[in-house]
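Below: the structure, in structure tokens.
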Amino acid sequence: MDGLLLQTVEGLGDAPLMRTGCEIWEWLQGEKEEVTHEILSEGPLCQTAVSGVQEAEAAGENGREIEWRHRAQLETRLRELNDAQDRLMDGAYGRCTDCGGEIDRGRLAADPASALCMNCQRSAEPEGVFYTM
Numbered sequence: 118m119d120g121l122l123l124q125t126v127e128g129l130g131d132a133p134l135m136r137t138g139c140e141i142w143e144w145l146q147g148e149k150e151e152v153t154h155e156i157l158s159e160g161p162l163c164q165t166a167v168s169g170v171q172e173a174e175a176a177g178e179n180g181r182e183i184e185w186r187h188r189a190q191l192e193t194r195l196r197e198l199n200d201a202q203d204r205l206m207d208g209a210y211g212r213c214t215d216c217g218g219e220i221d222r223g224r225l226a227a228d229p230a231s232a233l234c235m236n237c238q239r240s241a242e243p244e245g246v247f248y249t250m
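Rendered as structure tokens:
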């Protein structure tokens, strides 16, 4: 995802934050197009199970599993972006979908599809998965 700008935590305070719904929509739409392009460029993922024929290499199986997981991650991201656009249209963008509180602007600048505030995000993730700097 070439369009994604990674910034340090210190740099988020200085980042130009989006101000209009149109700018947010365009940012989300641009990322959706990138994710969609990546999904389409991989082509269809088909399970090639022919009865009685097994692949000799375990590496081939691992490669397919990695492809399936990557595709699942891309599809999840596409759903997150669609959901963010739906929230924007409904007037709920920038509000946590769990508690209804405001999502920090720096968090939205880093990921415009964020649906949860930091507290709810911490609660939603299994212990040990959430990392801070």
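For the sequence shown, the residue numbers in my numbering are 118 to 250. Think of the CB as a built atom: it goes at the ideal place given N, C-alpha and C, for glycine as much as any other residue.
Practice problem: Would you decide whether residue 157 is buried or exposed? Buried here means 16 or more other CB atoms lie within 10 Å of its CB. | Solution: exposed
Quiz prompt | Segment limits, alpha helix (DSSP H) that includes residue 225 | solution = 222-227
Quiz item: Any idea what DSSP makes of residue 232, helix, strand or coil?
Solution: coil
Quiz item: What residues are listed by DSSP as bridge partners for residue 212?
Solution: 219
Quiz item: In terms of residues, what are the limits of the alpha helix (DSSP H) holding residue 138?
Solution: 138-159
Quiz prompt | 8 Å contact criterion, which residue 230 and residue 198 should meet: CB distance rounded | solution = 5 Å
Exercise. Taking 8 Å as the threshold, find out whether the stretch 199-212 comes into contact with the stretch 140-153 through three or more Cβ pairs.
Key: yes
Practice problem: Could you tell me the distance, in whole angstroms, from the CA atom of residue 186 to the CA atom of residue 180? | Solution: 10 Å
Quiz item: My guess is that residue 195 and residue 137 are in contact by the Cβ rule of under 8 Å, so how many angstroms apart are they, rounded?
Solution: That belief does not hold up - the Cβ atoms of residue 195 and residue 137 are roughly 23 Å apart, past 8 Å.
Self-check item: Assigned secondary structure, residue 242 (DSSP; H/G/I helix, E/B strand, else coil)
Solution: coil
Quiz item: Which value, in whole angstroms, describes the spacing of the CA atoms of residue 233 and residue 184?
Solution: 28 Å
Self-check item: For residue 235 and residue 224, believed in contact at Cβ under 8 Å, the rounded distance
Solution: 7 Å
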